[in-house]
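The structure appears below as structure tokens.
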């Protein structure tokens, strides 16, 4: 397929989405661009104290106002989005890779392995995700790499559950039976026969995990247990400006709204896609 | 099953209930193993931290022995689980008092908040869910769908911050911090709790309404509903007399599942409003790395979660007349 072809096909695909899905797609694309280019677009140096007043409202010089130390909120937000989107995507990739690998192992492996893995995942899934993450943060700490790993591991069981259900269903299909009769090994069956046929629901689940992880990491940062200064994701921005609530400061509202537009956008897109998929 | 007598049917249900309860207890035990394993993976820190950097190795060894940290992990796990089951969660490393005392002062506050939130959220969610299911595909349904879909994805702290901005900064009707005075009247307590309740409601109502709608729509397509429609029963009566009795199981399931979102939501909401509940106690335990307190709080939250799941399971069994009368 040529490049123009793909572009046209994806444009046609986007046009077929319902309005809510288009809004979601727009928001998601917007945040991806911000995460990639954010710091380049920042009007002021990111950590610099540029305003003499604190908690200013919007002005020509400071589009989104200034924060509790007189820093430019827009610049902080543009750099914070990189952490939020980057950590979210990274952790979602970890969750889905581990979860799906284990699910495929359970589906094509021996019954005792399936039993063991599923029992373990059922146990971990009975620990509310925020509680699990808090216990892990207390035990291990919260450097950026640890946060990535903690958020990823927290959502492994959820992905495992979905992927295992899909894989076990596919394992009963005729073409898998044929492949087994042909004498294909379990690795071939898992990766070549089963995995390609569950990519679409898995992508939807990836989006869902991403949304949960963004909410989880923002919540951790908001509690002061996530991304540690001088680095700051969107949740940290809400936390550090919490003293601006009585004034209704933009510095606290804007980062919170930024997270909300990202997560709501992802959710709208996923919902539109799953309705889409069912119809088509 | 058709030939089975009344007595064996009851037995079967009882056996199923006992099975579910047993498997919940087993899961709780396994959860405690996971919580203990994670929070105990780096042993020895507790003694070191209690004594500080200046402690001699001999002092640390002595304290480790006193705290039982030199015993093998499985022995410590056994002792911990046994003590927890007996209601003794050990001693807080930071507050230097029994964990159970700390929890006893906070737990009633959390339960009060959860109970009041449930009281507000459940009727509203059922109303929204039923209204949008009856209006399936219509404008109201699509609008509610969009609203609940977005609400599910909102971070709790945005909701709470907006609530503070609106009710306490702009309208000045509610305090922005929920301190519970020692001898508060009901009115004062409610006023202090209003904003945490509103914030938590937003978190759970959306999920609950969506699941309720799904449960009812699942029934709408059944032949008996069509039959009722054909014989001219009015829509409201179909819902109240025909569908709701059949959907009790799934709806209770939806309510229990959504209420478990309260646990996560409470962590943020209690912290924002400085509410002296269990969740903010747990956050403090994480900040100060107070492991015995953290483990106890985590286990309480997990136990509540499993209890909610169990209730959902049990109602599903009890609400199914085919199992009840078989």
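Chains as they are written, first to last, in the numbering used here: chain P, 1 to 280; chain U, 1 to 326.
Yeah, the Cβ is synthetic: ideal placement off N, Cα and C, and Gly gets one too.
In this chain, the alpha helix (DSSP H) harbouring residue 218/U covers 186 to 220. In the displayed model, residue 118/P falls within a helix according to three-state DSSP.
The beta carbon of residue 242/U lies closer than 6 Å to those of 228 in the same chain, with the five residues before and after it left out. If you draw a 10 Å sphere on the C-beta of residue 172/P, you find fewer than 16 other C-beta atoms in it, and that means exposed. For the stretch 133 to 159 of chain U, residues whose beta-carbon sits nearer than 8 Å to a beta-carbon of chain P comprise 146, 149, 150, 152, 153, 154, 155, 156, 157 and 158. If you draw a straight line from the Cα of residue 221/P to the Cα of residue 183/P, it comes to about 51 Å. For residue 241/P, there is no enclosing alpha helix (DSSP H), as DSSP marks it with neither H nor E. Scanning 81/P, 256/P and 100/P for the CA closest to the CA of residue 36/P turns up 81/P.
Contact between the stretch 135 to 144 of chain P and the stretch 175 to 182 of chain P is absent: fewer than 3 CB-CB pairs across the two stretches fall below 8 Å. According to the DSSP secondary-structure assignment, residue 66/P is paired through a beta bridge with 72/P.
Residue 231/U carries a coil assignment under DSSP once its states are collapsed to helix, strand and coil. Taking 8 Å as the cut-off, the Cβ atoms of residue 302/U and residue 126/P count as close. Of the other Cβ atoms in all chains shown, 16 or more fall within 10 Å of the Cβ of residue 201/U; this residue is therefore buried. In this structure, the CA atom of residue 264/U is about 36 Å from the CA atom of residue 222/U. In the structure shown, residue 157/P adopts helical secondary structure according to DSSP, grouped into three states. A distance below 7 Å between beta-carbons, with the five flanking residues on each side excluded, links residue 277/U to the following residues of its chain, in chain order: 106, 109, 110, 113, 266 and 270. About 5 Å separates the CB atoms of residue 264/P and residue 153/U; that is less than 8 Å, so the two are in contact. A Cβ of chain U is located within less than 8 Å of the beta carbon of residue 122/P. Counting along the chain, residue 151/U sits inside the alpha helix (DSSP H) bounded by residues 139 to 152. Residues of the stretch 236 to 268 of chain U whose Cβ lies closer than 8 Å to any Cβ of chain P, in chain order: 260, 263, 264, 267 and 268.
In the three-state DSSP reduction, residue 196/P falls in the helix class (H, G or I). Between residue 253/U and residue 312/U the beta-carbon gap is near 4 Å, inside 8 Å, which marks them as a contact. Look at residue 302/U: its C-beta is under 8 Å from a C-beta on chain P. Under the three-state reduction of DSSP, residue 111/P is assigned to helix. If you draw a 10 Å sphere on the C-beta of residue 234/U, you find fewer than 16 other C-beta atoms in it, and that means exposed. Here residue 38/U is buried, its C-beta having at least 16 other C-beta atoms within 10 Å.
Here DSSP, grouped into helix, strand and coil, assigns residue 98/U to strand. With 16 or more other Cβ atoms from the protein chains shown falling within 10 Å of its own Cβ, residue 235/P counts as buried. With its beta carbon at least 8 Å from every one in chain P, residue 199/U lies outside the interface.
Contact between residue 132/U and residue 140/U is confirmed by a C-beta separation of about 6 Å, below the 8 Å threshold. At a beta-carbon threshold of 8 Å, the residues of chain U lying near residue 263/P are 153, 154 and 155, ordered along the chain. With contact defined as three or more Cβ pairs closer than 8 Å, the stretch 228 to 242 of chain P and the stretch 15 to 22 of chain U are not in contact.
The alpha-carbon of residue 160/P is positioned some 14 Å away from that of residue 199/P. Per the coordinates, the alpha-carbon of residue 40/P lies some 36 Å from the alpha-carbon of residue 132/P. Contact note: residue 128/P reaches chain U through 260, 263, 264, 301, 302 and 305, using a C-beta cutoff of 8 Å and chain order. The criterion of a C-beta distance shorter than 8 Å is satisfied by residue 99/P and residue 156/P.
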